[in-house]
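Asker:
Number of protein chains: 2
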Amino acid sequence: MPLIAAATGGTPTRRPVWFMRQAGRSLPEYRAIRADHGMLESCFDSSMVCEITMQPVRRHDVDAAILFSDIVVPLKAAGVDLDIVAGTGPVIAHPVRTADDVAHLPVLDPQSVGAIARAIGLILDELDDETALIGFAGAPFTLASYLIEGGPSRNYTITKSMMYSDPELWHALMGRLADITITFLRTQLDAGVDAIQLFDSWAGALSDADYRTFVAPHSARVLAEVSDFGVPRIHFGVGTGELLESMTKVGADVIGVDWRVPLDDAARRVGGRVAVQGNLDPTVLFAGDTAVDQHVRRIVAEGERAVVHGAAGHIFNLGHGVLPGTDPDVITRTVELVHSI
Amino acid sequence: MPLIAAATGGTPTRRPVWFMRQAGRSLPEYRAIRADHGMLESCFDSSMVCEITMQPVRRHDVDAAILFSDIVVPLKAAGVDLDIVAGTGPVIAHPVRTADDVAHLPVLDPQSVGAIARAIGLILDELDDETALIGFAGAPFTLASYLIEGGPSRNYTITKSMMYSDPELWHALMGRLADITITFLRTQLDAGVDAIQLFDSWAGALSDADYRTFVAPHSARVLAEVSDFGVPRIHFGVGTGELLESMTKVGADVIGVDWRVPLDDAARRVGGRVAVQGNLDPTVLFAGDTAVDQHVRRIVAEGERAVVHGAAGHIFNLGHGVLPGTDPDVITRTVELVHSI
């Protein structure tokens, strides 16, 4: 598989490319399915997860399928009262803010994500041998931010306030979330995913010192406790220029890089031991073929320089997820272009 | 004035401190004024601008007043149809997206910001000799993002799409916005402000390469065209770790740094020629006195190391603006603490 080769220092048969959020709102076939089904319903229905995961693979000829899911899926499965509201995102009925709240957080029983394990079986039956299936989980910090704030946040005020004012409570919460994430990822790995991506989407809100003190130990435990499967572990966040080295040191095999840091620069920052993934600005897909061509070629060149600097490989991707209004034909042409260079 | 001394390599009589958004929603006396007056109405009423600007100076004993205004004030004054909607922010009636839109952008007549010039006169009458008055303006990129998107944005999709797809149109728009910003700042400088701060709040959404190509020439022109006044020019943005050197090179005397980059590290990145301003995470003010004490002392130490590395000085501030729910007494105590160290 080209993606696995690039992630592990091998020689891929073609330049691997996939797009974060390739399954989702940019595709009319996805919107057609979702017209009659809520987000959480879709995430817990094996055949819908399979179908939605496969849609972009069929359409775009990408080198990986990313399991269709949501960061809060394992929390919901564990029994946290939450919903995903269109136009808002996750809404937590009772935000977690006290020692009592943390003590009452449920544990994730692997059986409660059985539908996701079954979906992975269905997807693997459909995927060809060259296309990797990437498992999906949110990292403890990003999960904590949703649980504490009660939903998406701009400033993470309550989250950081807990972190700074009550480190003991903070670490207790992060430990429980790490447990949930480990169970969710091991379930996916048992079901046969070829790689996993740990999404610490909002870690970029932190300084490196705070990341190392309050987040790294828990993300490190998550990545360590799935290492026995021997599959590549991709670690991703947005606005993480200051954190790339720390986010690699916690145990990543592939480090996701957003568009703010050139890939060759990223490879230098992390010491060149891992593969780099990224990093086209998702807005470039709105700017026409000439701009796409120019930026894709620049990123491919920077990825090649990253490998010269010692990176294990380069997996082409966006710097963040596909934006909702993106023309899917542009995505298809971008994949073709990456494969053609 | 301690702030001016720190900005220019002098020896301040005490450690200067002010807080971005110190005038505003954190203060009950501000909310009392605003209960009966809209945001734009407040920004164009000389006595209200003076009163709101002075409120935090009286309460907190800070070393600078920041002119109470909003980034879109000069656009409104020039005749752009816009409003500031509570809970949303600026809303532009007709977003600027075509060559025709750009061609019809109005020019700012200094007389249309006469109320702001008069407010500055009133403020200078009230301020003592040790407290600096800082003028306020948005930088062309941040202004462009509001005009193009039609309001606040999460991804700047339309803004960046114009930048990537039609550089000529982009530069034409940025040139007109630079003109407006220059006129607005020169009006404030003519009225006697002691320093200016150019807010490129959202520049951190860009890579350094894009910043240098699409933004730097215009911000450089703004800063050059106010240099004859010989007052310190502070340049600020959020999430600008990758841009600090470029944002300094455009002509800043003081570089604002958010909480993601330690001040001594920032001083190294920008080559130590300028002063550094920052960089307490605004969420720390919610975390109790112990956390505030710890973070303030760390930042003071990093600021001192920045000066050792060649920075002209350190102005204590937040890494971004005061958050709305901040307890004003915590701000007062934080100022006392900074002055006591």
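First to last, the protein sequences are chains P and R.
Position 3, counted from 1, in the first sequence is what this note's numbering calls 5; the numbers after and before it change by one each time, with no gaps.
Position 320, counted from 1, in the second sequence is what this note's numbering calls 322; the numbers after and before it change by one each time, with no gaps.
All residues carry an ideal CB built from backbone N, CA and C; glycine is no exception.
#1: Find out if the Cβ-Cβ distance for the pair HIS311/R, ARG270/R is shorter than 7 Å.
#2: With C-beta atoms as the reference, is VAL276/P less than 7 Å away from ILE301/P?
#3: Restricting to runs no shorter than 3 residues, where is the beta strand (DSSP E) found entirely within the segment 156-220 of chain P?
#4: Tell me whether ILE54/P sits in a helix, a strand or coil according to DSSP, three-state version.
#5: Since ILE68/R is in the beta strand (DSSP E), which residue starts that stretch and which ends it?
#6: Start and end of the beta strand (DSSP E) containing VAL278/P?
#7: Can you tell me whether ARG223/R is buried or exposed? The criterion is at least 16 other CB atoms within 10 Å of its CB, across all chains shown.
#8: Using a Cβ-Cβ cut-off of less than 8 Å, list which residues of the segment 242-263 of chain R approach chain P; keep chain order.
#9: With a Cβ-Cβ cutoff of 7 Å, do ASP85/R and VAL75/R count as a contact?
#10: Can you tell me which of LEU179/R, PRO154/R and GLU132/R puts its alpha carbon nearest to the alpha carbon of GLY140/R?
#11: In whole angstroms, what is the alpha-carbon distance linking ALA9/R and ALA268/R?
#12: Give, in chain order, every residue of the segment 289-320 of chain P whose Cβ lies closer than 7 Å to some Cβ of chain R.
#13: Of all the options ASP102/P, ILE236/P, ASP65/P and GLN113/P, which has the alpha carbon lying nearest to the alpha carbon of ALA80/P?
#14: For a contact meaning CB atoms closer than 7 Å, what does TYR166/R contact in chain P?
#15: Three-state secondary structure (DSSP) at GLY258/P?
#16: Would you say the segment 42-59 of chain P touches the segment 117-137 of chain P, given that touching needs at least three Cβ pairs under 8 Å?
#17: Mind checking whether LEU339/P and VAL298/P have CB atoms under 7 Å apart?
#18: What is the rounded straight-line gap between the Cα of VAL82/P and the Cα of ILE333/R?
#19: So, at 6 Å on beta carbons, what are the nonlocal neighbours of LEU145/P in its own chain, with the 5 sequence-adjacent residues on each side left out?
#20: Between which two residues does the beta strand (DSSP E) holding PRO4/R run?
#21: Is there a Cβ of chain R sitting closer than 7 Å to that of ASN281/P, yes or no?
#22: Tell me the rounded alpha-carbon separation between SER48/R and ILE184/R.
#23: Does the segment 319-329 of chain P come close enough to the segment 22-31 of chain P that 3 or more CB-CB pairs lie under 8 Å?
#24: Using a Cβ-based criterion (distance less than 6 Å to any ligand heavy atom), does ALA79/P qualify as near the ligand FAD?
#25: For GLN296/P, which option in GLU306/P, ARG307/P and LEU282/P has the closest C-alpha, if you only look at C-alpha atoms?
#26: Can you list, in chain order, the residues of its chain whose CB lies under 8 Å from that of HIS341/R, leaving out five sequence neighbours each side?
#27: State the Cα-Cα distance for the pair ALA207/R and VAL309/P, rounded to the nearest angstrom.
#28: With a cut-off of 8 Å on the beta carbons, I'd call LEU225/P and GLY253/P a contact; round off their distance for me.
#29: What does DSSP give as the partner residues of GLY91/P in its beta bridges?
#30: How do the segment 93-111 of chain R and the segment 126-138 of chain R stand: do at least 3 beta-carbon pairs fall below 8 Å, yes or no?
Answerer: Put simply:
#1: yes
#2: no
#3: 197-201
#4: helix
#5: 66-68
#6: 277-282
#7: buried
#8: GLY243, GLU244, TRP261, ARG262 and VAL263
#9: no
#10: LEU179/R
#11: 15 Å
#12: ALA289, GLY290 and ALA293
#13: GLN113/P
#14: VAL286, ALA289 and ALA293
#15: strand
#16: yes
#17: yes
#18: 36 Å
#19: LEU179
#20: Taken as a continuous stretch (DSSP letters only), PRO4/R belongs to no beta strand (DSSP E), being part of the alpha helix (DSSP H) at 4-9.
#21: no
#22: 21 Å
#23: yes
#24: For the structure depicted, the ligand FAD is absent and the ligand set is empty, with no information on it obtainable.
#25: LEU282/P
#26: ARG16, ARG17, VAL19 and ASP63
#27: 26 Å
#28: 3 Å
#29: VAL87/P
#30: no
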